[in-house]
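Numbered according to my numbering, the sequence shown terminates at residue 647, and the numbering increases by one at each position without gaps.
First the structure, in the form of structure tokens, and then the observations on it.
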Amino acid sequence: MGKYEHLYVAIEHEEGKPIPVSLEMLGEARRLMDDYNRRYSASEKVVAVVLGHGVRRLCEELLFYGADAVIYADSPELVHPRNLVDTKVISSIATDRNLVLKFSPGSADFVKPRYMFFAADNIGRQLSSTVMAELESGLASDINKLVISDLEIKHEHKTKGQAMVYERTLEMYRPDFSGFLWTTILCLDNRNPAIARDYHPQACSIIPGVFAPIERDESRKGVIVDYSPTFDPQDLKVRVLSRTIVKSRVDFDSKKAIVSFGRGIKDSPEADIRLAADLARELGAEVGVSLPISKKPFPVSESISSEYMTPDRVIGTSGRKVTPLLYVAAGISGAMHHLAGMKESEFVVAINPDEGAPIKDECDVFIRGRMEDVIPALIEELRATKPAAAKEVAARK
Ligand SMILES: Cc1cc2nc3c(=O)[nH]c(=O)nc-3n(C[C@H](O)[C@H](O)[C@H](O)COP(=O)(O)OP(=O)(O)OC[C@H]3O[C@@H](n4cnc5c(N)ncnc54)[C@H](O)[C@@H]3O)c2cc1C
């Protein structure tokens, strides 16, 4: 047994209910470690880390979803996520050998986890960076594929130019350049004697929606370990005085259709947004946008900007995941980050002049053309067919 062992997963939850990405991370952790233990004849664990208050029931649930062990810190101070205090507690848990010995008695040399996962959402992205700074290791953010392998590396600085095998390396893949290229990120120890130092855990934040949870299995057994956190006044200097959950005006859940637009509006932004909104009205649909639109990249009137160019309309890994019966993507290229939010839509129509746009591979109907030309024709057709359809329904009654 070595200094670095086990895969830790930082769990996020809403009042004791795990958010979907937490179970997705556990599912991928389970698959990776089952394969790892088989290949390396090891018995390293998937360890869920939970902070909260009154979360014991959640810990049991996490065992059913693939954790071998759950370490939980229970305190009224941990009811709501707060980066400063959460960083401290998770970092302390990750370096506490006594906790590990409760579920892995052979881990007498344990120093830190071998691998660590966080969610690539607003909370997890920040938490992952501060925890990894605390643990003095590196971090790959927004990952959507993971492989563990033995790699031969020859690097001017890391290995002083010598070819060396790095065993059990976590290859962390992320979509880059607007999601059209993949980058593989490795977190490798420096083996060059002049700058030697270790980089563990090998850690990443994981894009919500890309991995599947394993099937819930109540017969799965594991160990639940209670950790008692201690706080300095300094840790608690950020206080939550009140908390309101603001309900979004945007309704992606009850609407059966969504019309989304992206940077394809660039030639006539104001008019194109009005077109997309008109089409949505005809279809009884909600309006969605790609992430760049929420950054207000084009000048439009204040009323259009505040109504449509808003973060709560973003679909994708940084926004909402949606599953409507009909998804219309107008002027959206189909970057991986956007696809992750809409690929489970029942029927997808894309409007785009570029047949090489990746959205073409993800849609049921691809309309090659500019939205300025296509949407008015669609609206006209809808208006023409609506009375006929209504008459048909009336006749059937
Ligand atoms: C960490 C991270 C997280 C991200 N999260 C998200 C996310 O949650 N959601 C998201 O959407 N993106 C996200 N992105 C950004 C993502 O990678 C893409 O950059 C973005 O989705 C591209 O937006 P787009 O399709 O609107 O623009 P572009 O990629 O610029 O595509 C515009 C499309 O419009 C077409 N077009 C041009 N003129 C017209 C016209 N007249 N009519 C019709 N079509 C036209 C073009 O052919 C092109 O295909 C994220 C990126 C990172 C790095």
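Just so it is clear, CB atoms sit at the ideal spot from N, CA and C, and this is done for glycine as well.
Any heavy atom of ligand 1 closer than 7 Å to the beta-carbon of residue i?
i, result
"Ala-446", "no"
"Asp-604", "yes"
"Met-422", "no"
"Gly-374", "no"
"His-450", "no"
"Glu-622", "yes"
"Val-564", "yes"
"Asp-392", "yes"
"Thr-567", "yes"
"Leu-541", "yes"
"Ala-627", "no"
"Ile-456", "no"
"Arg-524", "no"
"Val-323", "Reading off the sequence, residue 323 comes out as Ala, not Val. Outside the cutoff, so no."
"Ser-583", "yes"
"Ala-521", "no"
"Gly-304", "no"
"Asp-734", "Outside the modelled stretch of the chain, which goes from 251 to 647, sits residue 734, for which no answer is possible."
"His-263", "no"
"His-587", "yes"
"Arg-513", "yes"
"Ile-403", "no"
Tell me which same chain residues have a C-beta within less than 7 Å of the C-beta of residue i, skipping the five on either side of it?
i, result
"Arg-280", "Val-296, Gly-316, Ile-464"
"Gly-411", "Lys-404"
"Asp-485", "Leu-334, Val-335, Lys-338"
"Lys-516", "Phe-548"
"Arg-466", "Phe-314, Tyr-315"
Between the beta-carbon of residue i and the beta-carbon of residue j, is there less than 8 Å?
i, j, result
"Pro-458", "Glu-612", "no"
"Phe-368", "Ala-260", "yes"
"Tyr-322", "Pro-451", "no"
"Ser-510", "Ala-579", "yes"
"Val-473", "Lys-362", "no"
"Arg-563", "Val-539", "yes"
"Val-488", "Leu-334", "yes"
"Ala-453", "Gly-277", "no"
"Met-559", "Tyr-577", "no"
"Lys-546", "Ser-555", "yes"
"Tyr-365", "Leu-420", "yes"
"Asp-623", "Val-599", "no"
"Val-299", "Ile-340", "yes"
"Ile-625", "Leu-529", "yes"
"Pro-425", "Trp-432", "yes"
"Tyr-258", "Arg-418", "no"
"Ala-535", "Thr-567", "no"
"Ile-456", "Ile-373", "no"
"Pro-479", "Ser-325", "yes"
"Glu-520", "Val-550", "yes"
"Val-572", "Val-320", "no"
"Pro-574", "Lys-497", "no"
"Asn-602", "Gly-581", "yes"
"Ile-343", "Ala-390", "no"
With a threshold of 8 Å on Cβ separation, who are the neighbours of residue i within its own chain once the five nearest residues in sequence on each side are excluded?
i, result
"Glu-605", "Phe-616, Arg-618"
"Thr-337", "Leu-377, Thr-380, Val-381, Glu-384"
"Ser-357", "Met-251, Glu-255, His-256, Arg-347, Val-350, Leu-351"
"Pro-268", "Ile-261, Glu-262, Leu-308, Glu-311, Leu-312, Tyr-315"
"Asp-285", "Ile-398"
If you drop the 5 nearest sequence neighbours on each side, which residues of the same chain put their C-beta closer than 6 Å to that of residue i?
i, result
"Leu-533", "Ala-507"
"Asn-440", "Lys-408, Ala-446, Arg-447"
"Pro-542", "Arg-513"
"Gly-388", "Cys-437, Tyr-449"
"Ser-272", "Ile-261, Glu-262"
"Val-329", "His-303"
"Ala-413", "Glu-402, Lys-404"
"Asp-318", "Lys-295, Val-296, Gly-472"
"Phe-597", "Leu-576, Asp-614"
"Glu-594", "Thr-573"
"Arg-620", "Pro-603"
| task | Output the residue ranges of the beta strand (DSSP E) runs that lie fully inside the segment 473-526 and measure 3 residues or longer, sorted by chain position. | result | Within the segment 473-526, the complete beta strand (DSSP E) runs of at least 3 residues are 473-477, 507-511.
| task | Scan the segment 276-355 and note each continuous beta strand (DSSP E) run of 3 residues or more that stays entirely inside, going in chain order. | result | Secondary structure within the segment 276-355: the beta strand (DSSP E) runs of 3 or more consecutive residues, fully enclosed, are 296-302, 319-324 (chain order).
| said: As an exercise, report each continuous alpha helix (DSSP H) stretch of at least 4 residues that is fully enclosed by the segment 371-439, in chain order. | reply: If only complete runs of 4 or more residues are kept, the segment 371-439 shows the alpha helix (DSSP H) at 372-384, in order along the chain.
| query | Fully enclosed by the segment 561-601, which beta strand (DSSP E) runs are 3 residues long or longer? | reply | Listed in chain order, the beta strand (DSSP E) elements of length 3 or more contained wholly in the segment 561-601 are 576-580.
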